[in-house]
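J.: With the working numbering, letter number 92 in the sequence shown gets 1552, and the count goes up by one each step, no holes.
Glycine included, each C-beta is placed from N, C-alpha and C at the ideal position.
Okay, handing you the structure first.
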Amino acid sequence: MYSSSTIFSGVTLRKSASVGDWIFESKQLPTNHLPKEIGNSSMPASILMPHLQNLFQQTSIQQDLIMNLLSSLQSAEVADASQNGKLPPVPRNPENNGNVDGAVTERERLLLTKICELQARMNDLTDELTAEKLKYIQLQQRMNMFWPGDGDRREVDS
1461 MYSSSTIFSG VTLRKSASVG DWIFESKQLP TNHLPKEIGN SSMPASILMP HLQNLFQQTS
1521 IQQDLIMNLL SSLQSAEVAD ASQNGKLPPV PRNPENNGNV DGAVTERERL LLTKICELQA
1581 RMNDLTDELT AEKLKYIQLQ QRMNMFWPGD GDRREVDS
């Protein structure tokens, strides 16, 4: 019988430069080179268990890496959105994301900023409208000076 190290040879451990976590790399053997025990369904659990635990660990590490990547992408979207004036998307799966409160708070902050910008714009437009109304009233008064008989028709509406 083969030991677990001969069944799964070629397992190496390296450190990812971009993330800083340890990643397991395993080389898959072609199925025609595998020992007969692997193809047999009566393989003992003592041999399978360490490999299943290793697979679980690799999957967990990959899931963590994916979640970190998604978080960093969402942070980048928030930064880009604030520069472009667009709002970032709401996180889709809050139970899996540990930074939901931060993302929601950031979104709320962006929404409040947008509201303040819109209120300031509304004030500017109101001021412009008031100035245009004043110009219109002054123009009506000048016209009434030149054509006093038409004052009833051109009276300023308040």
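Please classify Q1517 as buried or exposed, where buried requires at least 16 neighbouring CB atoms within 10 angstroms.
T.: exposed
J.: Would the stretch 1526–1541 and the stretch 1508–1515 be scored as touching if the rule is three or more Cβ pairs under 8 Å?
T.: no
J.: In this structure, does DSSP put S1535 in helix, strand or coil?
T.: helix
J.: Secondary structure at M1503, three-state DSSP: helix, strand or coil?
T.: coil
J.: Whole angstroms are fine: how far does the CA of M1582 sit from the CA of R1569?
T.: 20 Å
J.: Counting only beta-carbon atoms, is R1567 nearer than 8 Å to chain B?
T.: Among the chains in the structure shown there is no chain B, since it carries only a single protein chain.
J.: Report the residue from T1573, D1587, E1566 whose alpha carbon sits nearest the alpha carbon of E1537.
T.: E1566
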